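Here is the structure we will look at, set down as structure tokens.
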Amino acid sequence: MVNPMMVLDKVELRRGGRVIVGPISLGLRDAGVTMAMGPNGAGKTTLLRALHGLERVSSGQIRWAESAEALRARQAFVFQTPILMRRSVLDSIAYPLRLKGVSRGEARERAAACAETVGLRVRLKKDASTLSGGEKQKMALARALITEPALLFLDEPSANLDGRSTREIEEILTHIRAGGTRIVMSTHDIGQARRLADEVVFLHDGRLVEQASSAAFFDAPQSNQAYAYLQGDIVI
Amino acid sequence: MTFKTLLAAALSAVFAVAAQAQDMKMSVTTSFANSGLADVLLPEIKKDTGINVQLLIVGTGQALKLGAQGDVDAVLVHAKAAELAWLAEGNGTHRREIMYNDFIFVGPSDDPAGVAKADRATDALSAIAEAKAPFVSRGDNSGTHKMELRLWDAAGIAPQGDWYRAVGQGMGAALNTASGMNAYLMSDRASWLKFANKGDLKLVYEGDPILFNQYAYMPVNPTKHPHAKNDLANTLEAWLVSDRAKELIDGYTLNGEKLFTFNATVD
Amino acid sequence: MNDILQGLARAAKLVVTLNADLVEITLLSLQVSLGAAVIGSAIGLPLGAWLAINRFPARRMVIALLNALMGLPPVVVGLFVYVLFSRSGPLGVLGLLFTPTAMVIAQVIIITPIIASVAHQAIRELWADYHDLLISLETTHSQRIATLLWDGRRALMTASLAGFGRGIGEVGAIMIVGGNIDHATRVLTTAIALETGKGEFDMALALGFVLIGLAIAVNLTLHMLSRTERGSRW
């Protein structure tokens, strides 16, 4: 059963008089994995941040469907560069629970379990800053997942990661998608998009070029830019 | 009022510094405190009267100001004109002379201005001005400073020029400055005797009766400041003019020299 | 040079024999300046954090004011507090003049701008790091301030110590509002001023050395405490 989640109506984001993204109009449904794709500077990150409510929309509207209230209320965001808190790994993961008033003991217990789920096998008492790149990203993922979000945004979660860490993260994402979590993410890894996406939103130069189901997009891209991008050409 | 009381209680609870009923505050001049006489008198006062006298050691001007504001219960200073003006403004109940000490002139040991040969204090100042020898003045409107200005006036000299240095500070700082510059200055005898950083300075002139320095005790007016501890101030006054006080004041010596002469009259 | 050596020797003697007067004025110095540092931190740290994360029209003005207040001469603060708490002043009825409490109040006024300013710098950097995360997690204002204060606690301890350092070495304000009363409001700095006035340089230096030693001891103690709490870099 798939229902609408949100609609973007001529959404535009300007910073310092320059248009960064938009105008974009598109609709997103309330299930599956939506993958924002496009070359660097296409506006993927800004779009994700705007959807999550981190960026001020200059004009146009983002409207949430009434039936999607549950998703709207329970979102989480994993940033491309993990934000490290000056805390231990365990307390970093437990932090969102502490904000919700969960006791320190219980929050730590659940954080440890969550670290286990994402395959973060390090000494949890050590400082978050001492983790490796892949471990940091897993910690950020655990911190996002600990509140069991219904809608999860991920901005290039496996950029700068080695193959093994990338595969582990993809496995986690596949697992939580199967558990019913709505995922909206970006990537410039075409293989990753093929493996994970149900739907692709292809952006170029701040505009929506193509929105299609994953199968349709990879089989027969409708736009020249998407075609060229999938061919590995430089898209201008 | 309730709020203020609560605030006061809260604030003093932070640092349990409960004021005892028998504490009283008296502002005194630096010269009195520097003499060391206070260290002898205060324990005896406590023993005889039970009063713990807390001294605020400041210049004469500030000592009188503290009394006028009601921040102390009595003052002990030495500047008669200022004292009388202070009383005329209704700040105190009365003025009681207790004792006197004297001022001296201090200067370089070779005495370049020849001050030691002077007959009178005013001659000594004339000699310094004539020689344009460096002279350090308190310049802080204190009792000592006022006395110095009266002497210049009496000598018919308006001191100015490079050689006249007003430091605008207490006796100790002025002495330190004079010691550093090897300059002349007028000091109370006690501060000089107690002063440890004499350098090349020595006592060059003393003895003119005009240099006598009368100390007077004045309780703060309880009509103006109802919280002022007038009963304690009166008890202290009675002690200060007693035979016991006379004995201690007259008997006090520093480096073998007598500093103060008790001259309170008992009615 | 001779004065300094004599001062050192006298300082050593005073400390070794636990001179009763020295112990008394040292404890009062600690009490006043630590008290002021605690109260100043309770005001200055949240204020610094609040200024770092909020944007409001007068923000720049407030920060400029804070920086200006940092340079406020203690003697001016002392005079201000004196006029306030004098028997003839608006708060004279409290009878706080010439008490350690008045000295703490004066020092709080002197050191709070320093603590707030240093805290503001530190929290501003941390806020830049945490901004997206804390917005994403829909933190409330007070949660943000609490998180930033807690995670920035090492830098904030430096802010508090800077305040304490300024307080413990300050003489202008506490001389006026405390009155340097023997056995009541005499602290290390006012005692040093007194001894200097008497030309007793070696005694003044001795007290100065004790003051320096005290400041170092407090700093080291706090650093060690924060280290044992967690063997971390923060």
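Residue numbers (the UniProt record's numbering), protein chains in the order written: chain A, 1 to 236; chain B, 1 to 267; chain C, 1 to 234. Beta carbons are placed, not taken as given, at the ideal position from N, Cα and C, and that holds for glycine. The structure presented is a predicted model; accordingly, all values stated were derived computationally and were not measured.
**Asked** Would you say Gln121 of chain C reaches chain A, if we count a Cβ-Cβ gap shorter than 9 Å as a contact?
**Response** No, Gln121 of chain C lies away from the interface with chain A (no Cβ there is under 9 Å from its Cβ).
**Asked** Any idea if Ile109 of chain C is buried or exposed, counting beta-carbon neighbours within 10 angstroms, 16 or more meaning buried?
**Response** Ile109 of chain C comes out buried.
**Prompt:** Given a threshold of 16 other Cβ atoms within 10 Å of its Cβ, counted over all protein chains shown, does Arg189 of chain B qualify as buried or as exposed?
**Reply:** Arg189 of chain B is buried by the Cβ-count criterion.
**Asked** Would you say Trp234 of chain C reaches chain A, if we count a Cβ-Cβ gap shorter than 9 Å as a contact?
**Response** Annotation note: pLDDT 43 at Trp234 of chain C (below 50); position unreliable, coordinate value reported separately. Contacts with chain A at 9 Å (Cβ-Cβ) include Trp234 of chain C.
**Request:** Spell out whether any CB of chain C is found under 9 Å from the CB atom of His78 of chain B.
**Result:** Judged by the 9 Å Cβ criterion, His78 of chain B is not in contact with chain C.
**Request:** Compare the C-beta of Ala193 of chain A against all C-beta atoms of chain E and say whether one is closer than 9 Å.
**Result:** Absent here is chain E; the protein component of the structure consists of chains A, B and C.
**Message:** Tell me which residues share the same chain as Gly41 of chain A and place their Cβ nearer than 8 Å to its Cβ, disregarding the 5 neighbours each side in the sequence.
**Reply:** Hits under 8 Å: Asp205.
**Asked** By the 10 Å Cβ neighbour count, where 16 or more other Cβ atoms means buried, how is Pro74 of chain C classified, buried or exposed?
**Response** Buried: at least 16 other Cβ atoms inside 10 Å.
**Request:** With Glu195 of chain C as the anchor, note down where its alpha helix (DSSP H) starts and where it stops.
**Result:** DSSP places Glu195 of chain C in the uninterrupted alpha helix (DSSP H) bounded by Leu188 to Gly197.
**Prompt:** When burial is assigned at 16 or more other CB atoms within 10 Å of the CB, is Gly35 of chain C buried or exposed?
**Reply:** Sixteen is the threshold: when 16 or more other Cβ atoms of the shown chains lie within 10 Å of the Cβ of Gly35 of chain C, as they do, the residue is buried.
**Asked** What's the gap between the Cα of Ser58 of chain A and the Cα of Asp91 of chain A?
**Response** If I take the Cα positions, the gap works out to 37 Å.
**Request:** Inspect the beta-carbon positions of Ala52 of chain C and Ile115 of chain C and report whether they are closer than 9 Å.
**Result:** The answer is no: Cβ separation not under 9 Å.
**Item:** Extent of the continuous beta strand (DSSP E) to which Ser137 of chain B belongs
**Value:** Residues Phe135 to Ser137.
**Request:** Determine whether the Cβ of Asp151 of chain C lies closer than 9 Å to any Cβ atom of chain A.
**Result:** Yes, its Cβ sits closer than 9 Å to a Cβ of chain A.
**Runs of alpha helix (DSSP H) wholly within the region 186-222 of chain A (minimum 4 residues, chain order)** = The qualifying runs are 190-196 and 214-219.
**Message:** Using a 10 Å radius around the Cβ and a threshold of 16 neighbouring Cβ atoms, would you call Pro57 of chain C buried or exposed?
**Reply:** Exposed, by the Cβ-count rule.
**Request:** Tell me, please, whether the CB atom of Phe15 of chain B is closer than 9 Å to any CB atom in chain C?
**Result:** Per-residue confidence for Phe15 of chain B stands at a pLDDT of 47, beneath the threshold of 50, marking its modelled position as unreliable; no derived number is given.
**Message:** Going by DSSP, what residue range makes up the beta strand (DSSP E) through Tyr82 of chain C?
**Reply:** Not the beta strand (DSSP E): Tyr82 of chain C falls in the alpha helix (DSSP H), residues Pro74 to Phe85.
**Request:** Leaving out five residues on either side along the sequence, give the residues of the same chain with a beta carbon under 8 Å from the beta carbon of residue 237 of chain C.
**Result:** Lying before the first or after the last residue shown, residue 237 of chain C is absent from chain C, which here runs from 1 to 234.
**Prompt:** Under three-state DSSP, which class holds Val28 of chain B?
**Reply:** The DSSP-derived three-state label of Val28 of chain B is strand.
**Prompt:** How about Thr265 of chain B: is its C-beta nearer than 9 Å to some C-beta of chain C?
**Reply:** Interface flag for Thr265 of chain B against chain C is unset, since no Cβ pair is found closer than 9 Å.
**Arg29 of chain A to Val21 of chain A span [Cα, whole Å]** = If you take the alpha carbons of Arg29 of chain A and Val21 of chain A, they lie about 21 Å apart.
**Request:** Compare the C-beta of Leu99 of chain A against all C-beta atoms of chain C and say whether one is closer than 9 Å.
**Result:** It does; some Cβ of chain C falls within 9 Å.
**Asked** From which residue to which residue does the alpha helix (DSSP H) around Tyr130 of chain C run?
**Response** Note, Tyr130 of chain C: alpha helix (DSSP H), Pro100 to Ser136.
**Asked** Can you tell me the Cα-Cα spacing of Gly105 of chain A and Val118 of chain C, whole angstroms?
**Response** Distance between the alpha carbons of Gly105 of chain A and Val118 of chain C is about 33 Å.
**Prompt:** Below 9 Å between beta carbons: does that hold for Tyr217 of chain B and Leu240 of chain B?
**Reply:** A contact, by the Cβ cut-off of 9 Å.
**Request:** Kindly identify the DSSP beta-bridge partner or partners of Asp9 of chain A.
**Result:** For Asp9 of chain A, DSSP records a beta bridge to A:Gln61.
**Item:** Residue(s) in a DSSP beta bridge with Asp23 of chain B
**Value:** The bridge partners DSSP lists for Asp23 of chain B are B:Asn52.
**Asked** Which residues mark the beginning and the end of the alpha helix (DSSP H) in which Gln6 of chain C is found?
**Response** Here the alpha helix (DSSP H) through Gln6 of chain C covers Asn2 to Val16.
**Asked** If you draw a straight line from the alpha carbon of Pro159 of chain B to that of Val77 of chain B, how long is it in whole angstroms?
**Response** Straight across, the Cα-Cα distance linking Pro159 of chain B with Val77 of chain B is about 26 Å.
**Prompt:** Bridge partners of Gln75 of chain A, per DSSP?
**Reply:** Per DSSP, A:Leu151.
**Request:** From the DSSP output, in three-state form, read off Asn40 of chain A for me.
**Result:** If DSSP states are grouped into helix, strand and coil, Asn40 of chain A belongs with coil.
**Request:** Output yes if chain A places a C-beta closer than 9 Å to the C-beta of Ser226 of chain C; else output no.
**Result:** Not one chain A Cβ lies under 9 Å of Ser226 of chain C.
**Message:** Which of the three DSSP states is assigned to Glu170 of chain C in this structure?
**Reply:** In this structure, Glu170 of chain C counts as coil in the three-state DSSP scheme.
**Request:** With 9 Å as the threshold, decide whether the Cβ of Phe260 of chain B is near any Cβ in chain C.
**Result:** No, Phe260 of chain B lies away from the interface with chain C (no Cβ there is under 9 Å from its Cβ).
**Asked** Does any CB atom of chain B fall closer than 9 Å to the CB of Glu200 of chain C?
**Response** It does; some Cβ of chain B falls within 9 Å.
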